[in-house]
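Numbering (our numbering), first residue to last: 401 to 499.
Here's what the structure looks like:
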(Lines of atoms letter the chains of each structure in order from A and count residues from 1; the text may use other names and numbers.)
(Lines give C-alpha, C1' and ligand atoms only; values in the text may rest on other atoms or scores of the structure.)
Protein backbone atom coordinates (compact mmCIF):
# COMPACT_ATOMS: atom_id res chain seq x y z
CA UNK A 1 0.00 0.00 0.00
CA UNK A 2 2.71 2.48 0.99
CA UNK A 3 4.76 1.46 -2.03
CA UNK A 4 1.81 2.11 -4.36
CA UNK A 5 1.22 5.55 -2.85
CA UNK A 6 4.90 6.47 -3.19
CA UNK A 7 4.99 5.19 -6.79
CA UNK A 8 1.92 7.32 -7.62
CA UNK A 9 3.52 10.44 -6.13
CA UNK A 10 6.84 9.79 -7.88
CA UNK A 11 5.08 9.18 -11.20
CA UNK A 12 3.60 12.69 -11.06
CA UNK A 13 6.96 13.93 -12.28
CA UNK A 14 9.54 16.45 -11.13
CA UNK A 15 7.22 19.44 -11.52
CA UNK A 16 5.06 18.08 -8.70
CA UNK A 17 7.71 16.11 -6.80
CA UNK A 18 10.20 18.93 -6.17
CA UNK A 19 7.64 21.27 -4.54
CA UNK A 20 6.45 18.38 -2.34
CA UNK A 21 10.03 17.71 -1.25
CA UNK A 22 10.50 21.41 -0.48
CA UNK A 23 7.26 21.52 1.54
CA UNK A 24 8.21 18.47 3.62
CA UNK A 25 11.82 19.58 4.09
CA UNK A 26 10.89 23.11 5.16
CA UNK A 27 8.29 21.74 7.60
CA UNK A 28 10.97 19.49 9.09
CA UNK A 29 13.12 22.60 9.56
CA UNK A 30 10.33 24.22 11.58
CA UNK A 31 8.68 26.62 9.15
CA UNK A 32 4.97 27.42 9.39
CA UNK A 33 2.79 25.28 7.12
CA UNK A 34 1.61 28.31 5.12
CA UNK A 35 5.19 29.40 4.47
CA UNK A 36 6.14 25.84 3.51
CA UNK A 37 3.31 25.69 0.99
CA UNK A 38 4.20 29.12 -0.40
CA UNK A 39 7.84 28.10 -0.83
CA UNK A 40 6.88 24.86 -2.56
CA UNK A 41 4.47 26.72 -4.83
CA UNK A 42 7.15 29.24 -5.80
CA UNK A 43 9.61 26.44 -6.57
CA UNK A 44 7.01 24.66 -8.70
CA UNK A 45 6.14 27.80 -10.65
CA UNK A 46 9.83 28.53 -11.23
CA UNK A 47 10.44 24.96 -12.33
CA UNK A 48 7.64 25.11 -14.90
CA UNK A 49 8.90 28.52 -16.05
CA UNK A 50 12.44 27.26 -16.58
CA UNK A 51 11.08 24.33 -18.57
CA UNK A 52 9.06 26.67 -20.78
CA UNK A 53 12.02 28.99 -21.34
CA UNK A 54 14.30 26.09 -22.27
CA UNK A 55 11.69 24.72 -24.66
CA UNK A 56 11.19 28.09 -26.35
CA UNK A 57 14.93 28.71 -26.45
CA UNK A 58 15.65 25.36 -28.07
CA UNK A 59 12.84 25.87 -30.59
CA UNK A 60 14.11 29.28 -31.65
CA UNK A 61 17.89 28.96 -31.29
CA UNK A 62 18.16 25.34 -32.47
CA UNK A 63 17.43 25.99 -36.16
CA UNK A 64 19.68 29.06 -36.15
CA UNK A 65 22.56 27.09 -34.60
CA UNK A 66 22.07 24.29 -37.13
CA UNK A 67 22.08 26.75 -40.04
CA UNK A 68 25.25 28.38 -38.68
CA UNK A 69 26.95 24.99 -38.28
CA UNK A 70 25.98 24.02 -41.83
CA UNK A 71 27.16 27.36 -43.24
CA UNK A 72 30.56 27.23 -41.51
CA UNK A 73 30.85 23.44 -41.95
CA UNK A 74 31.44 22.71 -38.27
CA UNK A 75 30.16 19.84 -36.14
CA UNK A 76 28.01 20.91 -33.18
CA UNK A 77 26.60 17.72 -31.64
CA UNK A 78 25.28 19.40 -28.48
CA UNK A 79 23.59 22.54 -27.25
CA UNK A 80 24.82 24.25 -24.05
CA UNK A 81 22.23 26.13 -22.02
CA UNK A 82 24.46 26.86 -18.99
CA UNK A 83 23.77 26.01 -15.36
CA UNK A 84 20.46 27.91 -15.01
CA UNK A 85 18.97 26.01 -17.90
CA UNK A 86 20.43 22.64 -17.05
CA UNK A 87 19.91 22.67 -13.26
CA UNK A 88 16.39 21.18 -13.39
CA UNK A 89 17.42 18.42 -15.79
CA UNK A 90 18.69 15.96 -13.12
CA UNK A 91 15.21 15.95 -11.57
CA UNK A 92 13.84 14.56 -14.83
CA UNK A 93 16.10 11.50 -14.54
CA UNK A 94 14.44 8.29 -13.38
CA UNK A 95 17.19 7.74 -10.78
CA UNK A 96 16.39 11.09 -9.12
CA UNK A 97 12.81 9.94 -8.61
CA UNK A 98 13.74 6.72 -6.85
CA UNK A 99 13.65 4.31 -9.73
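Every residue gets a Cβ at the ideal spot worked out from N, C-alpha and C, and that includes glycine.
- Taken in chain order, the complete beta strand (DSSP E) segments of 3 or more residues contained in the region 432-464 number zero; there are none.
- Secondary structure of residue 476 (DSSP, three-state): coil.
- Counting other Cβ atoms within 10 Å of its Cβ, residue 440 reaches 16 or more and is therefore classed as buried.
- DSSP places residue 417 in the uninterrupted alpha helix (DSSP H) bounded by 414-428.
- A distance below 6 Å between beta-carbons, with the five flanking residues on each side excluded, links residue 422 to the following residues of its chain, in chain order: 439, 440, 443.
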